[in-house]
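Data first, discussion second: the structure below is written as structure tokens.
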Amino acid sequence: MKEFEVIRRYFTEQVVKRKDVYLGIGDDCALVTPGERQHIAVTTDTLVAGVHFPLNTSPRAIGHKSIAVNLSDLAAMGAEPSWLSLALTLPEIDENWINEFCVGVFDLCEFYNVQLIGGDTTQGPLSITITAQGQIPFGQHISRSGAKAGEWLYVTGEIGAANLALQHIQGKVKVAAKYQQEIQKRLDFPKARILAGQALRKYATSAIDLSDGLVADLAHICNASGVGANIFLDALPLSAALSDTVGIDAAYDIALEGGDDYELLFSVTEDNRVGMETALANTGNKITCIGQLNGSGKITTTLNKKAVDIKVQSYQHFSNTPSNK
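If you want it as structure tokens, here you go:
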């Protein structure tokens, strides 16, 4: 099957047809018409087999995750997802694989009303590059650089389960059968916290999605905002699977350094805490206060209000070993 036949058969016909797409797949460029007084948020992520997902990951999970990680970036900015393009590199044309991959892609696109407007297919080692675009009302975006000392740190959902699943696959830990399906779902089918991100436009001073680990991603906020932070270990929202499998001390380590959570980490002022908590509850998102920003320029941890020295390693691409933080 040739490239254009693959595009026609699997990517041209899709459920989502947005009114703001003037010209979609089939021309040299797509044409879209943004809403009035809207910023266009643009993000790109590449997923490579054996680096960002295990080689035996199902094609449906790969399709879902390739979209979800990009939508998660949009969520962190407070954007409403609108359009995306997809560049797919395949070692060979496997119609069953492509069909299942497209189920993962288009199920999520339909759920969030996102239209695929272009892309490319080519032959080579398996990789997927997505460019996603969303819209944010002027002046309402959330960046990494607005945090200030004294503000509170929150995170959505639970953290650590996805990395636990990866460690189980790699044979580093053995997870009880009753937890395996749950944690595998967290790794393969992450949720983009879109509604939470939009609700945070009014309240958050900074935000980021957790892709490379809590400490590594918190460091991005701290560096961009010129602040430090203290993490309350006893407040971390750990999954039962994590703490039951490895014990509480190792669970803290995994929660701090493990990636692939795709939850939102954000800061709010004292005055905005009550309003934010109400707004997030109305979106159905669980949130937890896990720390506070300060002027130290460092990231520290406390357990029951006592300082704890934990050496954290965060995931680094293009490296066989983690980097010490």
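This note's numbering puts the first residue of the sequence shown at 2, with every later residue one more than the last. Beta carbons: idealized from backbone N, C-alpha and C, even for Gly.
Looking only at its chain, what residues have a beta carbon closer than 8 Å to the beta carbon of residue i, apart from the 5 residues adjacent to it on each side?
i: residue 255; result: 161, 164, 165, 168, 243, 247
i: residue 238; result: 156, 158, 159, 160, 287, 289, 291
i: residue 196; result: 284, 285, 286
i: residue 296; result: 150, 228, 229
i: residue 218; result: 209, 210, 211, 212, 266
If you check the beta carbons only, do residue i and residue j fall under 8 Å apart?
i: residue 84; j: residue 39; result: no
i: residue 205; j: residue 268; result: yes
i: residue 11; j: residue 100; result: yes
i: residue 149; j: residue 229; result: no
i: residue 47; j: residue 71; result: no
i: residue 235; j: residue 281; result: no
i: residue 86; j: residue 120; result: yes
Between residue i and residue j, what straight-line distance do the alpha-carbon atoms span, to the nearest angstrom?
i: residue 88; j: residue 27; result: 14 Å
i: residue 151; j: residue 294; result: 5 Å
i: residue 231; j: residue 306; result: 10 Å
i: residue 42; j: residue 76; result: 10 Å
i: residue 13; j: residue 92; result: 21 Å
i: residue 31; j: residue 175; result: 48 Å
i: residue 324; j: residue 212; result: In this prediction, residue 324 scores a pLDDT of 42, lower than 50, which makes its location untrustworthy; the coordinate-derived value is nonetheless stated afterwards. Cα-Cα distance, rounded: 15 Å.
i: residue 199; j: residue 37; result: 17 Å
i: residue 225; j: residue 308; result: 25 Å
i: residue 301; j: residue 252; result: 17 Å
i: residue 22; j: residue 135; result: 13 Å
i: residue 60; j: residue 103; result: 8 Å
i: residue 227; j: residue 220; result: 10 Å
i: residue 261; j: residue 190; result: 10 Å
i: residue 110; j: residue 79; result: 18 Å
i: residue 29; j: residue 207; result: 37 Å
i: residue 25; j: residue 263; result: 29 Å
i: residue 187; j: residue 245; result: 17 Å
i: residue 112; j: residue 310; result: 43 Å
i: residue 153; j: residue 240; result: 22 Å
i: residue 334; j: residue 133; result: Since the first and last residues shown for the chain are 2 and 326, residue 334 lies out of range.
i: residue 95; j: residue 58; result: 15 Å
i: residue 266; j: residue 209; result: 5 Å
i: residue 277; j: residue 118; result: 34 Å
i: residue 222; j: residue 177; result: 36 Å
i: residue 173; j: residue 250; result: 16 Å
i: residue 114; j: residue 279; result: 26 Å
Given residue i, which residues of its chain have a CB within under 6 Å of its CB, disregarding the five upstream and five downstream residues?
i: residue 107; result: 15
i: residue 19; result: 116
i: residue 193; result: 69, 72, 73, 76
i: residue 55; result: 170
i: residue 322; result: Residue confidence is low: residue 322 scores 40 on pLDDT, short of 50, so the model does not pin down where it sits. No coordinate-derived value is stated.
i: residue 105; result: 61, 64, 65
i: residue 327; result: Only positions 2 to 326 of the chain appear in the structure, and residue 327 is not among them; the question remains open.
i: residue 34; result: 21, 23
i: residue 81; result: 135, 136
i: residue 130; result: 47, 88
Is there at least one Cβ from chain C nearer than 8 Å to residue i's Cβ?
i: residue 117; result: Among the protein chains of the structure shown there is no chain C, as only one such chain exists.
If you drop the 5 nearest sequence neighbours on each side, which residues of the same chain put their C-beta closer than 7 Å to that of residue i?
i: residue 138; result: 38, 39
i: residue 202; result: 79, 141, 143
| said: Taking 8 Å as the cut-off, does the segment 132-142 touch the segment 174-193 (at least 3 CB pairs, one atom from each stretch)? | reply: no
Checklist entry - For the segment 179-238, which segments carrying the alpha helix (DSSP H) assignment without a break, of at least 4 residues, lie completely within its bounds, in sequence order? => result Fully enclosed alpha helix (DSSP H) runs of 4 or longer: 195-200, 215-226.
Identify every run of the alpha helix (DSSP H) within the segment 265-305, keeping only runs that are complete inside it and at least 4 residues long; order them along the chain.
274-283
Report yes or no: do the segment 266-274 and the segment 122-134 share at least 3 C-beta pairs separated by less than 8 Å?
no
- Go through the segment 47-92 residue by residue and report every complete run of the beta strand (DSSP E) that reaches 3 residues or more, in order. With a minimum length of 3 residues, the continuous beta strand (DSSP E) runs that stay inside the segment 47-92 are 81-91.
Ignoring anything shorter than 3 residues or poking outside the segment 133-185, list the beta strand (DSSP E) runs there in chain order.
153-157
Pick out the complete alpha helix (DSSP H) segments inside the segment 22-47, 4 residues or longer, and give them in chain order.
none
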